[in-house]
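Asks:
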């Protein structure tokens, strides 16, 4: 009971912080915060596969990219498309990509899953470049119109104002994160963890493992798509390097590891740490990635639970936590 | 009587004040900077002088990390040259004050998203007065958009795609001082029309700039060399490892000249592969004169006849250019790190363009964006290799283009007897190569 | 011979040269994976690093042969350090099956780290390494000319391949290694010092990548992006050839080399889609690869 109260308190604190940010900060800091939030949602969606289902994806960017390109395309090609339906199209196209690929992806795990996702994201990269008349190729798509938000009985809210857009996107992102969190607490969430820990048992219990995996993949892709879609609106631009480049699949993975595997909220901390780190290094862009990679290596080597484990260690709850960490992710994964 | 005596000091003081003002008025025009006046022997782009206080802040939007970081370093070197020169003369008089120039770097990593964030930082946080850039047309288009949104001057000196300044992408805050793929292609084709070369092979990078250049050169050859034969056309991926299979294809096609848009490291790799395969088919383009590459060619035939097109070459005869060449050569002839002994191509060209930018600001006398725009539009400036004119309709610089084949021995090579330009570059007048104003722009 | 035949043969040799280089990199990759179950994403970065080492050694001494000797050894040393100090450290955590995730992420971190360190040490300008005088010119045969250096690469790779085959299949050490690749636990039970063999194989794998890096340096310029394409290509080789299968790696390397050369000739621009599509197909239908014996 106490634990759950704490969790609600954490959620409330994060929300309160996000909603008061525009009062405290200027446009630049606000943009930074929103950019970080988008990547936090992206990392959370990847974490759904990574921490809860035990699948390491090297190509999660393709779902992010589907969301971004879906939204950008519908806004470019379709006059009068509303804001929410543009986001819906983005999410739906990511889910569609996931569902099309799922018959191939659900059968494998471990390294094969990693390599297969990487192969698919490479194919997507090459395809986006080939259809440059549609996607803008290397130039990407930019400057598409961003429609105002229509709220019945209230009226139009202009999205070209930074503050309005911030409140809107933070709400979408927060809602998505909450739904995802809720998803992990449903009975289906437990199936997910069981698939990771002991897929055979799930089969004995009468659940269809490949089907369940496909559903998880779809959900994860859908939220990655929402993140991509908001990203396209936020930047008012989609570029192939930005959403499908070599680092775009690795960045959320790195966020998950730095934040802490085996927890839901870990990637949020990871993204926060990453953003702050890059910000601190902004005067020396040449060395930023080097420092970033060294942080990743040290986390993997010395702090396998990431920032969350560090926090737990500091609050001297680390023994409890270590047990929790080990039961949560490290034990008994029999999948090959 | 007493009161008059009391007035005396104040009268003297008043007279001194008048004298001071008059002398001030007298010397004020002399404060204006003149290019190439500073002592460049101490100039080092990696150790910029620390300048603070009330300055003119210039954002340098370039890749400083990622695959193209070398391009950013070169731009920093060139901008630093001009800033060093002007600052050592006391700066520029704007808004009634002498101000030094301060350069603030913004790293694009050649990725649009990173570039956008870097620009937001430059504009919103560092509060730059204007910004300059940049390698990559997909980055330059972000520059265009942000210049319009935040009403800052954006000087584009190295993105060549034609469409950047068409009716759709044009805005009044962006000025392009470099040439375009169309202009380069026309200059090359015009030059070829005076030579017997007729069989061309197009080998470009497979992305927008390479494809643009491929399209431009086909159009230009049709216009100037109607009997030209394009014996092959291939677009290769960026940062290609191995050019040999492409070159075997070129060899089999019977081409006399390869036309390529490649820039380093692709242009270097292409030349090295030609060298290793013992081919003697020359390459023409903008970046096939790089002395850092040509000094490594082992085969005597490789690189001979390479034809370079650019908006500036060191072998152009003007008085200013020979003075510039001498100063630059004295500074860098024995420099191990900078292998470029003569300021050719973009090196000299872009330095000239930066002088132009600051000259415009000096003449505008203010950092007011509108005043700078009205000063620059239609402005004419005498740069190293000739006149630069800023066309009002699409903010595209109009200038003569230069073509030069490479010969050996050349006095323009680092050692004086290696591969380099022929003695004198060929000037192609601007009215031959310039395209009319884009539709929809006046 | 007519021009078309000359071109076809030349393309064939180009493909062979690249395929051989690719095999040198991919063989180490697949050996390490087959033995330790570690997909070393940083493997191609060692290839790139070796090219830089070669450049640096030639700056100091001017001798290509010294570079060819020393750079791969230095790279193997780094590889052994990585295995001893890092990968082994992770295994100490007793992470169960999740160890795979951590190892993958570690190699990702090392890959980024090597690339960024190279950029900071040598800059991003391409560096040029000259082939030794002996290997510079062109060779004439059957009325066509071909650069000697590429022939040298093919010869060098063949001799390394032969040496590798002899060691693996004719010596006791080779037997031990092959046993450990097949089943590390069983080999351990039979008294083989498995950790030592692991270190040895890791060192050997990175040494092979090092040889390839030095050999490639004069053919291509040396720049930080050298690793990217090599990584993707060796991924394809290992996935298609079968995890841990040297023979599979050899066949697929050759095929890929030829496909790259002739792909440029006949269908430029589509090679990536075809290759990765084929890789995805094989991985789903036969996750152990075309020639693999085990997953």
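Residue numbers (the numbering used here), protein chains in the order written: chain G, 1 to 336; chain U, 1001 to 1442; chain C, 2001 to 2295.
Glycine included, C-beta positions come from ideal geometry on N, C-alpha and C.
So the candidates are U/1189, U/1208, U/1205 and U/1207; which of them puts its Cα closest to the Cα of residue 1199 of chain U?
Replies: Residue U/1189 is the option with its Cα nearest to residue 1199 of chain U.
Asks: Mind checking the segment 274–298 of chain G against chain C and listing, in chain order, the residues whose C-beta falls within less than 8 Å of any C-beta there?
Replies: Cβ contacts with chain C: 286, 287, 289, 290, 292, 293, 294, 296 and 297.
Asks: How would you list, in chain order, the residues of chain B whose beta-carbon sits under 7 Å from the beta-carbon of residue 1138 of chain U?
Replies: No chain B appears in the structure shown, which is made up of the protein chains G, U and C.
Asks: What would DSSP say about residue 2043 of chain C, mapped onto helix, strand or coil?
Replies: Helix, per DSSP.
Asks: Bridge partners for residue 1107 of chain U per DSSP, in chain order?
Replies: For residue 1107 of chain U, which the question treats as bridged, DSSP gives the partners U/1062.
Asks: Confirm, please, whether the CB-CB distance from residue 1057 of chain U to residue 1102 of chain U is below 7 Å.
Replies: Yes, Cβ-Cβ distance for residue 1102 of chain U and residue 1057 of chain U is below 7 Å.
Asks: Note down the Cα distance separating residue 32 of chain G from residue 152 of chain G, rounded to an integer number of angstroms.
Replies: Whole-angstrom Cα-Cα distance: 31 Å.
Asks: Using a Cβ-Cβ cut-off of 7 Å, state whether residue 2124 of chain C counts as contacting chain U.
Replies: Closer than 7 Å: yes.
Asks: Can you tell me where the alpha helix (DSSP H) holding residue 2274 of chain C begins and where it ends?
Replies: Where residue 2274 of chain C is concerned, the enclosing alpha helix (DSSP H) stretches over 2271–2285.
Asks: Quick one: what does DSSP say residue 2056 of chain C is sitting in, helix, strand or coil?
Replies: The answer is helix: DSSP assigns residue 2056 of chain C an H, G or I state.
Asks: Leaving aside the five residues before and after residue 137 of chain G along the sequence, list all residues of the same chain whose C-beta is less than 6 Å from its C-beta, in chain order.
Replies: Contacts found: 129.
Asks: Can you pull the chain U residues whose beta carbon is under 8 Å from the beta carbon of residue 230 of chain G, in chain order?
Replies: The premise fails here: residue 230 of chain G is roughly 14 Å from chain U at the closest Cβ pair, so nothing lies under 8 Å.
Asks: With DSSP as the reference, please indicate the residues paired to residue 1397 of chain U in a beta bridge.
Replies: Answer is U/1390.
Asks: Give me the residue from G/314, G/262, G/303 and G/299 with the minimum Cα distance to residue 44 of chain G.
Replies: The shortest Cα separation from residue 44 of chain G among G/314, G/262, G/303 and G/299 belongs to G/262.
Asks: So which of U/1316, U/1071, U/1092 and U/1120 has the shortest CA-CA distance to residue 1110 of chain U?
Replies: Out of U/1316, U/1071, U/1092 and U/1120, U/1071 has the C-alpha closest to the C-alpha of residue 1110 of chain U.
Asks: I need the straight-line Cα distance from residue 2005 of chain C to residue 1249 of chain U, nearest angstrom please.
Replies: Their Cα atoms are separated by approximately 12 Å.
Asks: If you measure beta-carbon to beta-carbon, which residues of the segment 2166–2188 of chain C are closer than 9 Å to chain G?
Replies: Under the 9 Å Cβ criterion, the segment 2166–2188 of chain C contributes no residue.
Asks: Could you confirm whether any beta carbon from chain C is found closer than 7 Å to the beta carbon of residue 124 of chain G?
Replies: False, the Cβ-Cβ gap to chain C never drops below 7 Å.
Asks: Going by DSSP, name the residue or residues bridged to residue 1102 of chain U.
Replies: BP columns for residue 1102 of chain U point to U/1057.
Asks: Excluding sequence positions up to five away, which residues of its chain have a Cβ less than 6 Å from the Cβ of residue 1438 of chain U?
Replies: Cβ neighbours of residue 1438 of chain U beyond the five flanking positions: 1166, 1167 and 1394.
Asks: Could you list which residues in chain C have their beta carbon closer than 8 Å to that of residue 1296 of chain U, in chain order?
Replies: Going along chain C in sequence order, the residues near residue 1296 of chain U (Cβ under 8 Å) are 2128 and 2130.
Asks: Going along chain U in order, which residues have a C-beta closer than 9 Å to the C-beta of residue 31 of chain G?
Replies: Under the 9 Å cutoff, chain U gives 1117, 1120 and 1124.
Asks: Decide if residue 1335 of chain U is buried, meaning its Cβ has at least 16 other Cβ atoms within 10 Å, or exposed.
Replies: Burial call: exposed.
Asks: Can you look up residue 11 of chain G in the DSSP assignment and give me helix, strand or coil?
Replies: Of the three classes helix, strand and coil, the one that applies to residue 11 of chain G here is helix, per DSSP.
Asks: For the alpha helix (DSSP H) that contains residue 1193 of chain U, what are its first and last residues?
Replies: Residues 1181–1193.
Asks: Between residue 16 of chain G and the rest of its own chain, which residues show a CB-CB distance below 7 Å, the 5 nearest in sequence each way excluded?
Replies: Nothing listed; no residue qualifies.
Asks: Please name the residue in G/288, G/224 and G/162 whose C-alpha comes closest to that of residue 22 of chain G.
Replies: Of the listed residues, the one whose Cα sits closest to residue 22 of chain G is G/162.
Asks: Check whether the Cβ of residue 115 of chain G lies closer than 7 Å to any Cβ atom in chain C.
Replies: Yes, residue 115 of chain G lies at the interface with chain C (some Cβ there is under 7 Å from its Cβ).
Asks: Tell me, which residues are paired with residue 1234 of chain U by DSSP?
Replies: Partner(s): U/1203.
Asks: What residues from chain U crowd round residue 2003 of chain C, counting only those whose CB sits closer than 7 Å?
Replies: Under the 7 Å cutoff, chain U gives 1252.
Asks: Can you pull the chain C neighbours of residue 100 of chain G, defined as C-beta to C-beta under 7 Å?
Replies: Here the premise fails: no neighbours, minimum Cβ distance about 12 Å.
Asks: Quick one: what's got a C-beta closer than 7 Å to residue 176 of chain G's C-beta in the same chain, skipping five residues either side?
Replies: 41, 223 and 226.
Asks: For the structure I just gave you, are there three or more beta carbon pairs, one from the segment 1390–1409 of chain U and one from the segment 1425–1438 of chain U, closer than 8 Å?
Replies: The answer is yes - the segment 1425–1438 of chain U touches the segment 1390–1409 of chain U, with three or more Cβ pairs under 8 Å.
Asks: Report the rounded CA-to-CA distance for residue 2255 of chain C versus residue 2011 of chain C, giving the unit in angstroms.
Replies: The straight-line gap from Cα to Cα measures roughly 13 Å.
Asks: Beta-carbon of residue 1170 of chain U versus every beta-carbon of chain C: anything under 7 Å?
Replies: So, not an interface residue.
Asks: Is it the case that the Cβ atoms of residue 2250 of chain C and residue 2032 of chain C are separated by a distance below 7 Å?
Replies: Result no, Cβ atoms of residue 2250 of chain C and residue 2032 of chain C do not sit closer than 7 Å.
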